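If you're matching positions, the sequence shown starts at -14 in this note's numbering and goes up one per residue.
Glycine included, each C-beta is placed from N, C-alpha and C at the ideal position.
These figures come from a predicted structure and were not determined experimentally.
Have a look at the structure below before the remarks.
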Amino acid sequence: MSCVGVADSSIRMCRMTEKYWLLKCCRLFEHLAGEQLGRLERCSRVRTFARGSPIYLPADEANGVLVLASGRAKICGFSADGKQAILAFVEPGELFGELALFEQGPREEYAEAVEASKVVLIPGDDLQRLMEESPGLSLGITRLIGLRRRRIERRLKYLLFRSNRDRLVNLLLELAEQYGTRKPEGLLLDIRLSHQDLASIIGATRETVTVILGELQAEGCLKLGRRRIVLIQPERLAAGVEAPVPRPAGIKPLPARDAKALPRIL
């Protein structure tokens, strides 16, 4: 074999190794057999997205699902007058665009890279076949959809029947559940969001969010920094909106040695 042939073979091996590792980091796939994961690897593609760039747009064909390998993404919707509503944030290791598994046609929402991100794209047909073989995978995806639907329904209920203050407090508690890190002063929301981001999620204006956060800080319920929020009294906040006290699950870290060994090919 020529030197060029050896080099090409080595590059393909690196790419297969990286895709396999990236897929393995998705919680839904971590218990799949090696042969099943290998099939996903062979049919999937890896793409990188700069901060602020679209991952997919409304009206794009929903022909596959995506796994966020690194970075952070957000799922958004737009009103008729062009206002943005943030529906969800996606963290590394999470699956998104999953409704493509159940209905073909154009996407209705918009996905954007909040940070420089790396995404694995998996054809829907291939993942459907694997779901038929693996009840555990099928159940995991069903639970994922159910959890996201419950969060959106809860947010919609607050949007329809609660004040701006209650909606914001409920959102802070939800973020603490997903991204909270325990610190001596309280629960740090380990996600950087602007006041406009928070407003886009709860259907309020940036000015309203700024005023309410200031009131909550004056009351001793939280502490504000530059895109940094610490919930000092999460129990008091939860009691005020009749919500459960957040119990942060924490984000599963990637193995340090594997992260260092990951080939830099993209």
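Host beta strand (DSSP E) of residue i (start-end)
i, result
"V75", "Q69 to V75"
"F34", "R30 to F34"
"V105", "S102 to P108"
"L209", "L207 to G210"
"L216", "R213 to L216"
"S55", "G49 to S55"
Residue i, buried or exposed, once every other Cβ within 10 Å from all chains shown has been counted against 16
i, result
"L22", "buried"
"F34", "buried"
"G121", "exposed"
"A98", "buried"
"K142", "exposed"
"P229", "exposed"
"H16", "exposed"
"P39", "exposed"
"S185", "buried"
"G67", "exposed"
Straight-line gap, residue i to residue j (C-alpha atoms, nearest Å)
i, j, result
"L178", "C206", "18 angstroms"
"V(-9)", "C11", "Note on V(-9): pLDDT 34, under 50, position unreliable in the model; no value is reported."
"L149", "P169", "Residue identity check: residue 149 is Asn in the sequence provided, not Leu. Taking the straight line joining both Cα atoms gives about 29 angstroms."
"I60", "L80", "12 angstroms"
"R24", "L112", "10 angstroms"
"D151", "R213", "20 angstroms"
"I217", "P77", "27 angstroms"
"A224", "R147", "15 angstroms"
"R133", "I126", "11 angstroms"
"R36", "G171", "30 angstroms"
"E46", "A85", "9 angstroms"
"Y164", "E3", "27 angstroms"
"V75", "R211", "22 angstroms"
"A189", "M116", "40 angstroms"
"N155", "E200", "15 angstroms"
"E162", "I197", "20 angstroms"
"C28", "F14", "15 angstroms"
"P233", "L173", "10 angstroms"
"I137", "L160", "13 angstroms"
"E88", "S123", "16 angstroms"
"L129", "A70", "21 angstroms"
"L209", "D175", "13 angstroms"
Check whether residue i and residue j have beta carbons under 8 angstroms apart
i, j, result
"I107", "G49", "yes"
"G82", "L72", "no"
"L42", "Y5", "no"
"L183", "L145", "no"
"P91", "L158", "no"
"H180", "R167", "no"
Alpha helix (DSSP H) segment containing residue i, residue limits
i, result
"F146", "P120 to F146"
"G199", "R191 to A203"
Problem set entry | Inter-stretch contact (C-beta, 8 angstroms, three-pair minimum) for the segment 92 to 107 and the segment 51 to 59 | Touching, yes.
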